[in-house]
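Going by the working numbering, the first residue of the sequence shown is number 13, and it counts up by one from there.
Note that the Cβ used here is the ideal one computed from N, Cα and C, for glycine as well.
Data first, discussion second: the structure below is written as structure tokens.
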Amino acid sequence: KTIRRPITPSRQYSGKPRVPGHQGVGISLISDNMGPSSQISLLGSYAYHIPVTGHSKLAIGASGGVTQYTLDFSNLQVKVNPDPAIMGGGKITAIQPTINVGAWYYSMNYYIGVSANQLLFENYNLKPTGDNSSTYSWVGSVYPHYFLSAGYRFDATDYWTVMPSVLVKKVNLAPVTYD
Numbered sequence: 013k014t015i016r017r018p019i020t021p022s023r024q025y026s027g028k029p030r031v032p033g034h035q036g037v038g039i040s041l042i043s044d045n046m047g048p049s050s051q052i053s054l055l056g057s058y059a060y061h062i063p064v065t066g067h068s069k070l071a072i073g074a075s076g077g078v079t080q081y082t083l084d085f086s087n088l089q090v091k092v093n094p095d096p097a098i099m100g101g102g103k104i105t106a107i108q109p110t111i112n113v114g115a116w117y118y119s120m121n122y123y124i125g126v127s128a129n130q131l132l133f134e135n136y137n138l139k140p141t142g143d144n145s146s147t148y149s150w151v152g153s154v155y156p157h158y159f160l161s162a163g164y165r166f167d168a169t170d171y172w173t174v175m176p177s178v179l180v181k182k183v184n185l186a187p188v189t190y191d
């Protein structure tokens with residue numbers, strides 16, 4: 013059985029967004045290990061998407077949480093002139109709060125965004141853990157990371173879409189990089 017209904021034209025865009033803003037929340041658990049160094053982060057995130065026109069939106073978001081930095085001296089291998097400060101073994105660790113923010117303007121065919129990560133505290137003190145009785149004082153550093161990204165969508169054929177994009181990154185004490 014076929015059900016038929018009359019076709020009615022869609023409403024014209026009147027300058028007001030058709031859909032109200034929406035929001036999203038998330039949790040991230042990140043573990044990054046490289047040699048004797050490890051980093052574990054637990055972050056909560058929130059974003060709000062605001063309709064700007066009938067075809068584009070502005071998303072504004074933030075995340076915050078804690079990061080634990082650990083340096084395990086037992087994973088170091090020093091071949092020549094071992095430094096007594098690092099040869100005692102054991103681990104040192106620090107826990108630090110972190111905040112990230114960003115904004116993203118997007119539509120079906122393009123986007124542009126800015127963001128900043130690691131906005132709190134440049135230095136943190138690493139403390140010995142467990143049976144590590146080191147008398148040395150250790151200070152770690154993290155610097156804010158700033159990003160700018162943009163992209164545009166081209167329909168190459170009916171079946172293929174090309175979306176070139178660019179990412180520019182700036183970190184203190186480092187040259188500007190791009191991809």
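Check: With a CB to CB cut of under 6 angstroms and the five nearest residues on each side skipped, what residues in its chain are close to Ser119?
Finding: If we look at Ser119 and ignore the five residues flanking it on each side, its Cβ neighbours are His67 and Ser68.
- Task: Let me know the secondary structure DSSP gives Phe133 once reduced to three states.
- Result: coil
If you reduce the DSSP assignment to three classes, tell me which class Ile87 lands in. A small correction: the amino acid at residue 87 is Asn; Ile does not occupy that position in the sequence shown. Helix, per DSSP.
Quiz item: Applying the criterion that 16 or more other CB atoms from any shown protein chain within 10 Å of the CB defines a buried residue, is Gly36 buried or exposed?
Solution: exposed
*With respect to the beta strand (DSSP E) encompassing Asn121, which residues constitute its N-terminal and C-terminal limits?*
First-last for Asn121: undefined, no H or E at that position.
(Q) When you compare the CB positions of Gly102 and Phe85, do they come within less than 7 angstroms of one another, or not? (A) yes
(message) Measuring alpha carbon to alpha carbon, tell me which residue in Ala59, Gly47 and Pro48 is nearest Ile39.
(response) Ala59
- Task: In angstroms with no decimal places, state the Cα-to-Cα distance between Ser161 and Thr173.
- Result: 19 angstroms
Closest by C-alpha distance to Ile124, when choosing among Trp150, Gly152 and Phe159 | That would be Phe159, whose Cα lies nearest to the Cα of Ile124.
On a Cα-Cα basis, can you pick out the residue from Tyr155, Asp167, Ser127 and Tyr164 that is closest to Ala186?
Tyr155
Can you check DSSP and say which residues form a bridge with Leu55? According to DSSP, which records beta bridges pairwise, Leu55 is partnered with Ser40 and Gly77.
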